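First up is the structure itself, then whatever we jot down about it.
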Amino acid sequence: MERLKRMSVFAKVVEFGSFTAAARQLQMSVSSISQTVVKTGR
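With UniProt numbering as the guide, the letters of the sequence shown map in order to residues 1 to 42.
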C-alpha cells in the first residue's frame with residue numbers, strides 16, 4: 001500500500017510538472033514530496 005501511495009505522489013509530480021505544484025495539489029510540503037519521490041526509486 002505504501003508503494004502505491006509513493007507512485008501516486010510521483011505521478012502527480014509528473015502530471016503537474018513540479019514538486020511545488022504537486023505539493024500544493026496534494027496539500028503536502030515540498031520536502032515531503034521530495035522524500036517520497038526519492039523513496040519511490042528504491
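The C-beta atom is built at its ideal place from N, Cα and C for all residues, glycine as well. This one's a predicted model, so the numbers in the text were calculated from it and none came from an experiment.
Could you give the DSSP three-state label for residue i: helix, strand or coil?
i, result
"ARG42", "coil"
"MET7", "helix"
"SER29", "coil"
"SER34", "helix"
Between residue i and the ligand FAD, is there a pair consisting of the residue's CB and a ligand heavy atom that are separated by less than 8 Å?
i, result
"SER29", "You won't find the ligand FAD in this model; it holds no ligand whatsoever."
Can you tell me the Cα-Cα spacing of residue i and residue j, whole angstroms?
i, j, result
"LYS12", "MET28", "12 Å"
"THR20", "MET7", "17 Å"
Taking residue i and residue j to be in contact with their CB atoms under 8 Å, please state how far apart those CB atoms are, rounded to whole angstroms.
i, j, result
"residue 78", "VAL38", "Because the chain spans 1 through 42 in this model, residue 78 falls outside it and cannot be assessed."
Here's a check: name, in chain order, each residue in its chain whose Cβ is nearer than 7 Å to the Cβ of residue i, leaving out the five neighbours to either side.
i, result
"PHE16", "ALA22 and GLN25"
Please return the same chain residues whose Cβ sits closer than 6 Å to the Cβ of residue i, not counting the five positions on each side in sequence.
i, result
"THR40", "ARG6 and PHE10"
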